[in-house]
Amino acid sequence: MEQNEQMKPKGKLLLVGFGPGDHDHLTFRAKEAIGEAEIIIGYRTYINLVKELIVGKQVIYTGMTEELARARRSIEIAYEGKKVALISSGDIGIYGMAGPVLELLKERGWKPGEGIEVEIIPGVTALTSCASVLGAPLMHDFCSISLSDLLTPWDIIEARIEAAAKADFVVALYNPKSGRRTRQIQETQKILLKYRSSDTPVGLVKSCKRDMEQIVITDLKNMLNHEIGMLTTVIIGNTNSFRYLDFIVTPRGYKNKYDLESSKVKEGQRAGISLNTELLQSPYKKVNVISDPESDSTSLTSISQTPLSPFLKDEDRKENQAGNNRNWGTLYGIGVGPGDPELLTVKATKALTKVSHIFYPSSNGTDESMALNIIEPYLQENTKFHTLFFPMTKDKQELETHWDLAADTVAKILSQGEDAVFVTLGDPMIYSTYFYLLKTLKARYPQITWETIPGISSYQSAASLIDSAISEGKDRVALIPVNRDASNIEDALDQYETIVLFKVGSKLPKVLEILENKNLLDQGTLFSYLGTPEQFIESDLRKVKREKIGYMSLLIVKKKKEIVSSEEPDEVEVPAKESALA
1 MEQNEQMKPK
11 GKLLLVGFGP
21 GDHDHLTFRA
31 KEAIGEAEII
41 IGYRTYINLV
51 KELIVGKQVI
61 YTGMTEELAR
71 ARRSIEIAYE
81 GKKVALISSG
91 DIGIYGMAGP
101 VLELLKERGW
111 KPGEGIEVEI
121 IPGVTALTSC
131 ASVLGAPLMH
141 DFCSISLSDL
151 LTPWDIIEAR
161 IEAAAKADFV
171 VALYNPKSGR
181 RTRQIQETQK
191 ILLKYRSSDT
201 PVGLVKSCKR
211 DMEQIVITDL
221 KNMLNHEIGM
231 LTTVIIGNTN
241 SFRYLDFIVT
251 PRGYKNKYDL
261 ESSKVKEGQR
271 AGISLNTELL
281 QSPYKKVNVI
291 SDPESDSTSL
301 TSISQTPLSP
311 FLKDEDRKEN
321 QAGNNRNWGT
331 LYGIGVGPGD
341 PELLTVKATK
351 ALTKVSHIFY
361 PSSNGTDESM
371 ALNIIEPYLQ
381 ENTKFHTLFF
391 PMTKDKQELE
401 THWDLAADTV
411 AKILSQGEDA
421 VFVTLGDPMI
431 YSTYFYLLKT
441 LKARYPQITW
451 ETIPGISSYQ
461 SAASLIDSAI
471 SEGKDRVALI
481 PVNRDASNIE
491 DALDQYETIV
501 LFKVGSKLPK
511 VLEILENKNL
521 LDQGTLFSYL
531 GTPEQFIESD
541 LRKVKREKIG
551 YMSLLIVKKK
561 KEIVSSEEPD
571 EVEVPAKESA
581 LA
């Protein structure tokens, strides 16, 4: 046994930060490490960013929130004697995978030189890459704070924001907002406004150094009037930061000691010696602390309710509505199917190849769009991508505001005579954001032209994968998106022969409990990420009781029935009265 262990090749775990995403910002060592590895492990979005570098390699995808499973699997593979690269965007040691890996290695008792080799390869961080497109916002002391409370209690995060604001740090915010977390960025703004003026410059950078990069320079008062999501890095200046053209600049303090034109030391100051603050008329801007909580609350309430500025002004919209649509382009609403690019329809691919603008929905600001991955092979080289932000909220006013903004964004392109595509998973008329967008567009811009191109829905694809008909004869079919406590599925399970449950995800344990109580556990099949490398199908639901299933999942329950008599027809004739109603 010991001899076999000695003969076994020593595995190597490469923890690789590959920077913001553009290969021009990938370090030489990171590129070498990816090439050196036999197996690549990473989150799907990260894998897609380096796909040109991993051709021919074994690739293991994992989903969001599966960091520990990703780290554990990479360690196991390395201990099998293989070279494995665990990749992460930015720097793998900053909110990345280096931490979880070293924590698990500590639990395992690993030491350098024993068992496996571990190498940590740094990358260009989101913070520094975003700063580079904003100008020079980090020229003085700064800090980074993640607003995600998945692993850190919010009261601790809040205390850190308060301390950073009071100490006048430039503040960079990671993970500022998601579909679930919308309050934290509002609370952060409120804290910062206690110590900084409302015109403090703020930079919002999404998908920095990637194809869908978006840069917004605004101020502390208006920052929430712009789209902010998980892939946005927010950089908030200190009390001395200022905006110059399209740059944010935080002075290092040279002006306090030197004449900027001549570079000479000012009278009373000495080079290489601590700054003499007594000679400064106004060394630093005074911090404005708002002590009246009612006043602060009132002003912040008005800020958060400020309507988002539409891309077309009201007078422009009225003028367009009064005219005709001869100069407007056509919007194509395309269902791209469940995940496999080969399941796109011919009509959909024809539309994709002739447009240069693609719109896609986002509920949390992330560009992890399966729809974009599916259509990629059919796009023109210079295609422009546009994110339409639809928050996951029940607030009707907030939803309508974002529907209006999305419609205005699309209308701006169409009004220039250019065609555009809105892509959505599955079919555009089955639980899709496309329908709400189209309804809003038709109301605000009656002159628009559109064409809806159907797609294969996820439940159709799922049924074909297990060779099971969704309906037979007189079977009734129910399509149900599972609500938070799964209470909305019980009646359907009692009354229908086939029940398709969408968005099972985190509700899986409760769904399985209900199925077990109704003796239906053996009559269901679980599907996840159909048509992708992460595709998962399981008909033994007892095996998945403790599994974490991703959001893109569905469960089909098809009740077993006794074999019908051979005399019963396969097709049932519908009476004339029912036919007329249909």
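Per the working numbering, residue 1 is the first one in the sequence shown, and the count goes up by one each step.
Cβ atoms here follow ideal geometry from the backbone N, Cα and C, with glycine treated the same way.
Being a predicted model, the structure only gives us computed values, none of them experimental.
- If the five residues before and after residue 274 are omitted, its C-beta is found closer than 6 Å to no C-beta atom of its own chain.
- Straight-line spacing of the CA atoms in residue 19 and residue 93 works out to 12 Å.
- Burial is judged here by how many other beta carbons sit within 10 angstroms of a residue's own beta carbon; residue 395 has fewer than 16 and is exposed.
- Within the DSSP bridge table, the entry for residue 18 names no partner.
- DSSP, read as helix, strand or coil, puts residue 491 in helix.
- Taking C-beta separations shorter than 7 Å and ignoring five residues to either side along the sequence, the partners of residue 201 in its chain run 217, 219, 237, 241, 242, 243, 248, following chain order.
- In the assembly as shown, residue 189 is a buried residue. Its beta-carbon has 16 or more other beta-carbons within 10 Å.
- Residue 219 carries a strand assignment under DSSP once its states are collapsed to helix, strand and coil.
- Annotated as proximal: residue 30 and residue 121, with beta-carbon spacing under 8 Å.
- Put simply, the region 38-58 does not touch the region 146-154. Fewer than three CB pairs are less than 8 Å apart.
- Of all C-beta pairs linking the region 418-425 to the region 328-344, three or more are shorter than 8 Å, placing the two stretches in contact.
- DSSP places residue 435 outside any beta strand (DSSP E); the residue lies instead in the alpha helix (DSSP H), whose first and last residues are 433-444.
- For the 8 Å CB-CB criterion, residue 119 and residue 14 form a contact.
- A straight-line Cα-Cα distance of about 17 Å links residue 513 and residue 558.
- The three-state secondary structure of residue 425, taken from DSSP, is coil.
- The three-state secondary structure of residue 507, taken from DSSP, is helix.
- Close CB contacts of residue 343 within its chain, under the 6 Å cut and outside five residues either way in sequence, are with 337, 456 (chain order).
- Shown here, residue 264 sits in coil according to DSSP, grouped into three states, outside any helix or strand.
- In the structure shown, residue 83 falls within a strand segment according to DSSP collapsed to helix, strand and coil.
- Selection 116, 447, 17, 374 evaluated against residue 352 yields 374 as nearest (Cα-Cα).
- Per the Cβ contact rule, the region 498-514 is in contact with the region 467-485 (3 or more Cβ pairs under 8 Å).
- Restricting attention to 399, 542, 362, 408, the CA atom closest to the CA of residue 388 is found in 362.
- Within the DSSP bridge table, the entry for residue 479 names 500 as partners.
- In chain order, 391 place their CB closer than 7 Å to the CB of residue 398, counting only its own chain and leaving out the 5 sequence neighbours on each side.
- Rounded to whole angstroms, residue 436 and residue 407 show a C-alpha spacing of 10 Å.
- In the structure shown, residue 10 adopts coil according to DSSP, grouped into three states.
- Judged by pairs of C-beta atoms under 8 Å, the region 130-142 touches the region 250-267, as three or more such pairs exist.
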